[in-house]
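Here the structure is laid out as structure tokens; the discussion comes afterwards.
Residue numbers (the numbering used here): 11 to 106.
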């Protein structure tokens with residue numbers, strides 16, 4: 011799935027964890043995000059505070075065999091209370 015496909019078919023809202031030089035990019039489906047209390051990254055922080063942990067999809071960018079880039083889910087991760095203050099709205103993908 012290319013970026014255009016991802017943006018049109020999967021209403022994913024992207025966030026990042028600002029915990030290192032290479033931030034962890036994760037996404038939450040828009041419908042699921044709207045079920046959480048708060049605004050922006052505050053929704054994620056609120057859910058972590060309430061539940062203790064929050065499973066999310068980590069995303070990555072990779073080069074395909076034809077030279078095009080793909081942005082897609084890489085693995086499921088769990089955010090914990092230690093991650094909560096590091097969550098930021100939006101994400102910047104850097105091409106390898």
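Heads up, the beta-carbon is just placed ideally off N, CA and C, and yes, glycines get one too.
Practice task
Just grab the DSSP bridge partners of residue 82 for me.
Solution key: Taking the chain shown and counting its residues from 1, the one referred to as residue 82 is at position 72. Note: residue 82 sits in a beta bridge opposite 70.
>> Our contact map puts residue 101 next to residue 35 with C-beta atoms below 8 angstroms; I'd like the distance itself, whole angstroms only.
In response: On the chain shown, position 91 is the one that residue 101 refers to. On the chain shown, position 25 is the one that residue 35 refers to. Right, the Cβ-Cβ distance comes to about 4 angstroms (below 8 angstroms), so this counts as a contact.
Checklist entry - Pick from 82, 75, 64 and 77: whose alpha carbon is nearest that of residue 43? => result Here residue 43 refers to the residue found at position 33 when the chain shown is read from its first residue. Closest option to residue 43, Cα to Cα, is 64.
Review point. Since residue 89 sits in a beta bridge, which residues does DSSP pair it with?
Key: Residue mapping note: residue 89 aligns to position 79 of the chain shown, counting from 1. DSSP lists 64 as partners of residue 89.
Could you work out which residue in 41, 29, 24 and 33 is closest to residue 95 when comparing CA atoms only? Here residue 95 corresponds to residue number 85 of the chain shown, with the count starting at 1. Ranking the options by Cα distance to residue 95, first place goes to 29.
Fill in: residue 40: first and last residue of the uninterrupted alpha helix (DSSP H) it sits in
By one-based count along the chain shown, residue 40 stands at place 30. Run containing residue 40: 40 to 44, per the alpha helix (DSSP H) assignment.
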